[in-house]
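Sequential numbering from 1 applies to the sequence shown in the UniProt record's numbering.
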Amino acid sequence: MKMVVTGGGSGGHIYPALAIIDAMRRRNPDLEVLYIGTDHGLEKDLVARTGIPFATIHARGLLVRGWKAKLNGAMAAVRGLRDALIVLSRYRPSVVVGTGGYVSGPVGLAAVILHLPLVLQEQNVWPGFTNRKLSTHATKVLVPFEEAKSNFPPRAPLTVVANPVTISVTASKATIRDELGMPRDAVVILATGGSQGAKALNQFLLSWVSRLNDEQNWGIFWMTGKRYYQEIKAQLDPMRLDPNRVQVVEYFYQIQKYLRASDIFFGRAGAMSVADCAAFGLPAILVPSPNVSEDHQTRNAEVLVKRGAGYLVPEPQLPRRGASILERVLVDSDLRSQMGQNVQSLFDPEAEDKVVDAILQAARV
Numbered sequence: 001m002k003m004v005v006t007g008g009g010s011g012g013h014i015y016p017a018l019a020i021i022d023a024m025r026r027r028n029p030d031l032e033v034l035y036i037g038t039d040h041g042l043e044k045d046l047v048a049r050t051g052i053p054f055a056t057i058h059a060r061g062l063l064v065r066g067w068k069a070k071l072n073g074a075m076a077a078v079r080g081l082r083d084a085l086i087v088l089s090r091y092r093p094s095v096v097v098g099t100g101g102y103v104s105g106p107v108g109l110a111a112v113i114l115h116l117p118l119v120l121q122e123q124n125v126w127p128g129f130t131n132r133k134l135s136t137h138a139t140k141v142l143v144p145f146e147e148a149k150s151n152f153p154p155r156a157p158l159t160v161v162a163n164p165v166t167i168s169v170t171a172s173k174a175t176i177r178d179e180l181g182m183p184r185d186a187v188v189i190l191a192t193g194g195s196q197g198a199k200a201l202n203q204f205l206l207s208w209v210s211r212l213n214d215e216q217n218w219g220i221f222w223m224t225g226k227r228y229y230q231e232i233k234a235q236l237d238p239m240r241l242d243p244n245r246v247q248v249v250e251y252f253y254q255i256q257k258y259l260r261a262s263d264i265f266f267g268r269a270g271a272m273s274v275a276d277c278a279a280f281g282l283p284a285i286l287v288p289s290p291n292v293s294e295d296h297q298t299r300n301a302e303v304l305v306k307r308g309a310g311y312l313v314p315e316p317q318l319p320r321r322g323a324s325i326l327e328r329v330l331v332d333s334d335l336r337s338q339m340g341q342n343v344q345s346l347f348d349p350e351a352e353d354k355v356v357d358a359i360l361q362a363a364r365v
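Written out as structure tokens, the structure is:
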């Protein structure tokens, strides 16, 4: 069986695509895979590390401002469609899988033109532009929550399947805390502004930790992002905080270890952050990024709020409301327990198998 996978522009589209490939290979070790991306996107670097064959097409985002940018985007889309038609015609896959991002637009449209089965996997409550436009032409469209259904056209072939998360860490919370030097009895926050970091979140946390004292039983794993790391470290050093309880890193290279060792999630409301909270049962305090398309992170956060699994704090309100909400969850163990149960109800340990089943059904193999 041959499968083409496409998705790019951000890790939120690429990591789900790679997870789908891994899951498909576990079910079918003889699977042949080709990943289609751009030569300038993040997907080129991430896919190269996996050894998965990679083909490039021309593609640019269409949701841009200015007539020149729109014209360039349209011209790139036409070239991308031509490129995708050539690649798919030569490769002749049994199925094409798209996880979103502008590169998946030409590939998905080429699959429709060539009458190839097309499966779309949407990670967010509010679908991206590409998946929304392709949805009525797809064989199957997988959405993460019931709330996502109303955001697609009525004719889209929708199936609710939670974002798959493969839990690879097996060690206990206590064991990992011992390894990382975090006290076992601390109430621990995992704080992240995403892979690039977030200035507003970092500045809020800097102010917040400066007011805490050694008698309070708390800890924090804090990912600043590379561009902010040195600046934050320089401001933290004079505070002489316990380095075991305030652990600051550029990036969580083994994110699941930190998730397992934590009690509360504080950060952005990207689809995979929400999925990780569900998988590890972490109460969430979510500060949606104001810089993402169509404010889709707010829609993700609202799903957790609706289920009593999280708090939503708009970024402009963070200085005023953030500390009180964070401290409310820190000090109330019953609240954390209930929120943890509520968020874990969104996790489906069989989601990975359901995604694979949907792809195989679409491919009719």
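From the three backbone atoms N, C-alpha and C, an ideal C-beta is built for every residue, glycine too.
Check whether the Cβ of residue i sits closer than 6 Å to any heavy atom of the ligand COA, and report yes or no.
{"i": "R132", "result": "This structure does not include the ligand COA; it has no bound ligands of any sort."}
Residue i: which of the options sits nearest, CA to CA?
{"i": "T136", "options": "L158, W218, E250, Q123", "result": "L158"}
{"i": "Q230", "options": "S207, F221, I220, N202", "result": "N202"}
{"i": "D185", "options": "T192, K173, G194", "result": "K173"}
{"i": "residue 369", "options": "L282, V303, A309, E315", "result": "Only positions 1 to 365 of the chain appear in this structure, which leaves residue 369 out of reach."}
{"i": "A55", "options": "L46, G41, G37, D45", "result": "G37"}
{"i": "A17", "options": "I113, G100, R336, V125", "result": "G100"}
{"i": "N124", "options": "Q341, Q317, V343, R299", "result": "R299"}
{"i": "L31", "options": "Q216, S94, F204", "result": "S94"}
{"i": "E122", "options": "A275, A261, L88", "result": "A275"}
{"i": "R320", "options": "G181, G194, G51, L205", "result": "L205"}
{"i": "E294", "options": "N151, K44, V188", "result": "N151"}
{"i": "T166", "options": "A110, L241, G51, D22", "result": "D22"}
{"i": "P154", "options": "R132, T170, A171", "result": "R132"}
{"i": "M1", "options": "I285, R336, Y91, A171", "result": "Y91"}
{"i": "Q297", "options": "P283, A269, A191, K149", "result": "A269"}
{"i": "L335", "options": "R211, D263, P117", "result": "D263"}
{"i": "Q344", "options": "V287, L360, V303", "result": "V303"}
{"i": "V87", "options": "R307, G194, F252, V4", "result": "V4"}
Within 10 angstroms of the Cβ of residue i, are there 16 or more other Cβ atoms? Answer buried if so, exposed if not.
{"i": "S324", "result": "exposed"}
{"i": "H115", "result": "exposed"}
{"i": "P127", "result": "buried"}
{"i": "N244", "result": "exposed"}
{"i": "V161", "result": "buried"}
{"i": "N213", "result": "exposed"}
{"i": "T130", "result": "buried"}
{"i": "P164", "result": "buried"}
{"i": "Q317", "result": "exposed"}
{"i": "S89", "result": "exposed"}
{"i": "R260", "result": "buried"}
{"i": "G8", "result": "buried"}
{"i": "V331", "result": "exposed"}
{"i": "K306", "result": "exposed"}
{"i": "E179", "result": "exposed"}
{"i": "S10", "result": "buried"}
Taking the C-alpha atoms as reference points, what is the distance between residue i and residue j?
{"i": "Q247", "j": "R27", "result": "39 Å"}
{"i": "T6", "j": "P183", "result": "43 Å"}
{"i": "L85", "j": "V103", "result": "13 Å"}
{"i": "V356", "j": "S168", "result": "19 Å"}
{"i": "G208", "j": "L236", "result": "The sequence shown places Trp at residue 208, not Gly. Roughly 11 Å separates the two Cα atoms."}
{"i": "L312", "j": "L326", "result": "11 Å"}
{"i": "A309", "j": "A301", "result": "9 Å"}
{"i": "H40", "j": "R49", "result": "15 Å"}
{"i": "A271", "j": "N342", "result": "17 Å"}
{"i": "N216", "j": "V329", "result": "It should be pointed out that residue 216 corresponds to Gln in this sequence rather than to Asn. Between Q216 and V329, the C-alpha separation is close to 14 Å."}
{"i": "S289", "j": "G267", "result": "9 Å"}
{"i": "A156", "j": "F145", "result": "15 Å"}
{"i": "F265", "j": "A234", "result": "24 Å"}
{"i": "G108", "j": "E350", "result": "26 Å"}
{"i": "A138", "j": "A110", "result": "11 Å"}
{"i": "Q338", "j": "G322", "result": "20 Å"}
{"i": "L134", "j": "I113", "result": "12 Å"}
{"i": "V64", "j": "L42", "result": "Reliability fails at V64, whose pLDDT of 48 lies under 50, so the model's placement of it is uncertain and the value that follows must be treated cautiously. When rounded, the distance between both Cα atoms is 19 Å."}
{"i": "R211", "j": "L286", "result": "21 Å"}
{"i": "K354", "j": "P238", "result": "51 Å"}
{"i": "residue 366", "j": "A148", "result": "The shown model of the chain, from 1 to 365, leaves out residue 366, and the question about it has no answer."}
{"i": "A191", "j": "L241", "result": "17 Å"}
{"i": "L120", "j": "A200", "result": "33 Å"}
{"i": "P283", "j": "V143", "result": "22 Å"}
If contacts are defined as beta-carbon pairs under 8 Å, then residue i and residue j qualify, I think. What distance do you get, rounded to the angstrom?
{"i": "Q196", "j": "G225", "result": "5 Å"}
{"i": "K140", "j": "A358", "result": "5 Å"}
{"i": "G219", "j": "G281", "result": "Not really, about 18 Å apart at Cβ, beyond 8 Å."}
{"i": "I20", "j": "V97", "result": "6 Å"}
{"i": "A278", "j": "F347", "result": "4 Å"}
{"i": "P106", "j": "G80", "result": "3 Å"}
{"i": "I14", "j": "L34", "result": "About 15 Å; that fails the 8 Å criterion."}
{"i": "M223", "j": "V188", "result": "About 13 Å separates the two Cβ atoms, so there is no contact after all."}
Per DSSP, which residues does residue i bridge with? Please list them.
{"i": "M3", "result": "V33, V95"}
{"i": "A55", "result": "I36"}
{"i": "I264", "result": "I189"}
{"i": "Y311", "result": "I285"}
{"i": "M75", "result": "In the DSSP output, where bridge partners are listed per residue, M75 has none listed."}
{"i": "Q247", "result": "F221"}
{"i": "T159", "result": "L142"}
{"i": "Q121", "result": "L142"}
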